[in-house]
Amino acid sequence: MKLLNIALDGPAAAGKSTIAKLVAGELSMIYVDTGAMYRAITYKYLQQNKIEDFNQLIDTTELSLTYDEIKGQRVILDNQDVTDYLRENNVTSHVSYVASKEPVRTFAVKKQQELAAKKGIVMDGRDIGTVVLPNADLKVYMIASVEERALRRQKDNEQRGIESNLEQLKKEIADRDHYDMNREISPLMKADDAITVDTTGKSIETVTAEILSLVKSLD
Ligand code: DC
1 MKLLNIALDG PAAAGKSTIA KLVAGELSMI YVDTGAMYRA ITYKYLQQNK IEDFNQLIDT
61 TELSLTYDEI KGQRVILDNQ DVTDYLRENN VTSHVSYVAS KEPVRTFAVK KQQELAAKKG
121 IVMDGRDIGT VVLPNADLKV YMIASVEERA LRRQKDNEQR GIESNLEQLK KEIADRDHYD
181 MNREISPLMK ADDAITVDTT GKSIETVTAE ILSLVKSLD
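Numbering (UniProt numbering), first residue to last: 1 to 219.
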């Protein structure tokens, strides 16, 4: 099969990473979680007591992605594997803000484009189809209702032993969507040539099959 790049965008907790991993596995492609890059930079911003000089923050940052057979993508920040800290609440609540800063975006987008240059990548994020890979072979814009996204996030948290309040999760998700969609630089939006996949009420298997059939239709 011809080497492809697939862009998967959409709002928070729409199921992008779950589906992207499965699609990448089925097609022997590499999954790149770009949100993890923004989360790693946010982790550093928090470690540095929220100093607002984003140029300085980026100039002193080394970031790379590695792949572990079992654990999948790992994020190496300044020679330290920080992957396990990236889903902490404090990171999640600051990441949209940090990701809106120009030096942060320029740095992350360049790295993402370098990763995708060899092709064979399924990349998920907010601006992949619009900015990072405008020539991707397939662009999917994945959505789901806020209610369903909050329920999924709650279930996810439960499995990790974290208790969470549904109303609060709904608010957090809606707030993050609002911020990501309204920032000045490369806001979250559907690329004109992206195909919308609404995952509300659909199983993971159904959505994965839907996307695999979109890939097949490229032949
Ligand atoms: O996919 P995620 O929840 O891990 O993403 C975390 C945040 O990072 C998200 O709220 C906005 C930002 N982000 C972005 O601005 N551009 C991307 N390509 C990926 C994520």
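Think of the CB as a built atom: it goes at the ideal place given N, C-alpha and C, for glycine as much as any other residue.
- Between which two residues does the alpha helix (DSSP H) harbouring K112 extend? Rather than Lys, the amino acid found at residue 112 in this sequence is Gln. Looking at the DSSP string, the run of the alpha helix (DSSP H) that includes Q112 is E102 to A116.
*For S64, write down the residues that DSSP places opposite it in a beta bridge.*
I76
Work out the CA separation of T200 and S145 for me, nearest whole Å.
6 Å
- [ ] Tell me whether the beta-carbon of R160 lies closer than 9 Å to the beta-carbon of A13.
- [x] no
Which listed residue (I211, L133, D175 and M123) has its alpha carbon closest to that of Y31:
M123
Should D84 be listed as close to ligand 1, given that the test is whether its C-beta is under 8 Å from any heavy atom?
-> no
* **the stretch 126-137 contacting the stretch 66-86, beta-carbon criterion three pairs below 8 Å** => no
Within the present structure, is the beta-carbon of D156 separated from the nearest heavy atom of ligand 1 by less than 8 Å? no
Since L3 sits in a beta bridge, which residues does DSSP pair it with?
Beta-bridge pairing links L3 to no other residue.
Problem - Span of the alpha helix (DSSP H) around L214 - result: I204 to K216
Am I right that L166 and I6 are in contact with their C-beta atoms under 8 Å? What's the rounded C-beta distance? In fact, because the Cβ distance is near 32 Å, the residues do not count as touching under 8 Å.
query: Any heavy atom of ligand 1 closer than 8 Å to the Cβ of Y67?
result: no
- Item | Simplified DSSP state of L138, which is helix, strand or coil | strand
**Message:** Using CA atoms only, rank isn't needed, just tell me which of N135, T42 and D175 is closest to A108.
**Reply:** T42
Practice prompt. Kindly give me the distance between the Cβ atoms of N90 and L46, rounded to whole angstroms, as I take these residues to be in contact under 8 Å.
Written response: 6 Å
L151 versus I204 - alpha carbon distance: 14 Å
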